[in-house]
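Protein chains in written order, with the numbering used here: chain Z, 828 to 937; chain B, 4 to 114.
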C-alpha cells in the first residue's frame with residue numbers, strides 16, 4: 828500500500844477561517860497533486876507540483892494555494908473558507924505515471 | 004470534447020454477470036493507461052494497468068485499442084463487492100505530463 832497521508836480526515840469550520848490541509852508522502856515521489864471531488868462527481872485537478880519549489884494550477888479554478896518546500900510535503904491552504912469550498916479534497920503522488928491517493932479530507936464550511 | 008470519456012452508468016447487473024466498460028481518449032499520443040476503482044466516499048485505488056497486448060488479473064481483463072483510441076475493462080462473474088465507480092486514466096510518459104481522469108462508470112451488482 829502507498830504511504831501517503833492526509834490530515835485532518837474531517838473538518839467542519841466556519842466561514843472566513845483560514846485552513847491548511849496537510850498531505851505527506853514517504854515514497855520520495857516528485858510529482859504531487861490536489862484534487863477536489865464532490866459526492867458522486869468526477870475528480871477535478873486543482874493544483875500539482877513537479878517537485879520542490881514547483882507548483883502549478885490545475886484545470887479547476889480554485890481559491891486555494893499550495894506550497895512545496897519539501898519533497899514529502901504538499902499542503903493546501905484556503906485563506907478564507909466559504910460554504911462553496913465544502914467538498915472532499917484528495918492528495919496524490921505519482922511514480923512512473925501511476926498515482927497513489929491519500930484517504931482524503933472531507934471539508935464542510937458552515 | 005473531453006479528453007477522456009466514459010459512460011457514467013450506472014450499470015446494474017446481477018451477481019455472476021459479465022460486464023464491460025469502455026473509455027475513449029482523444030490524444031493519440033497517449034502512452035499509459037490505467038483503471039482505478041473508487042468506492043463511495045473513498046479514495047481511488049489502482050485496479051490495473053492496461054498494457055498494449057491486453058492483460059488479465061483474475062476476473063478482470065483490460066484491453067487497449069490504439070487504432071480506435073479506447074481502453075476496456077471486462078469483469079467476469081461479478082460479485083456484490085465489485086460495486087464501485089471505475090475510473091479510466093490516460094497519461095503520457097515523461098516528467099511534465101499530468102494524468103487525465105475520466106468521470107468514472109458506476110457499477111452496481113445486485114443479488
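From the three backbone atoms N, C-alpha and C, an ideal C-beta is built for every residue, glycine too.
Span separating the alpha-carbon of residue i from that of residue j
i             : j             : result
residue 856/Z : residue 850/Z : 13 Å
residue 939/Z : residue 844/Z : Since the displayed chain Z opens at 828 and closes at 937, residue 939/Z lies outside it and no answer follows.
residue 869/Z : residue 107/B : 7 Å
residue 70/B  : residue 85/B  : 29 Å
residue 114/B : residue 17/B  : 6 Å
residue 68/B  : residue 101/B : 21 Å
residue 911/Z : residue 839/Z : 13 Å
residue 87/B  : residue 39/B  : 10 Å
Beta-carbon proximity check, residue i vs residue j, cutoff 9 Å
i             : j            : result
residue 30/B  : residue 9/B  : no
residue 931/Z : residue 45/B : yes
From the options, residue whose alpha carbon lies closest to that of residue i
i             : options                : result
residue 853/Z : 903/Z, 922/Z, 932/Z    : 922/Z
residue 61/B  : 68/B, 15/B, 77/B, 69/B : 77/B
residue 82/B  : 11/B, 6/B, 15/B        : 15/B
residue 936/Z : 858/Z, 836/Z, 907/Z    : 907/Z
residue 892/Z : 899/Z, 898/Z, 876/Z    : 876/Z
residue 920/Z : 865/Z, 858/Z, 846/Z    : 858/Z
Coil, strand or helix - residue i by DSSP
i             : result
residue 99/B  : coil
residue 85/B  : helix
residue 910/Z : helix
residue 870/Z : coil
residue 70/B  : coil
residue 896/Z : coil
Closer than 9 Å to chain A by CB, residue i
i            : result
residue 17/B : Among the protein chains of the structure shown, namely Z and B, there is no chain A.
Residue i Cβ short of 8 Å to the ligand ZN heavy atom set
i            : result
residue 99/B : This structure lacks the ligand ZN; in fact it carries no ligand of any kind.
For residue i, the residue or residues it bridges with in DSSP
i             : result
residue 56/B  : According to DSSP, which records beta bridges pairwise, residue 56/B is partnered with nothing at all.
residue 113/B : 17/B
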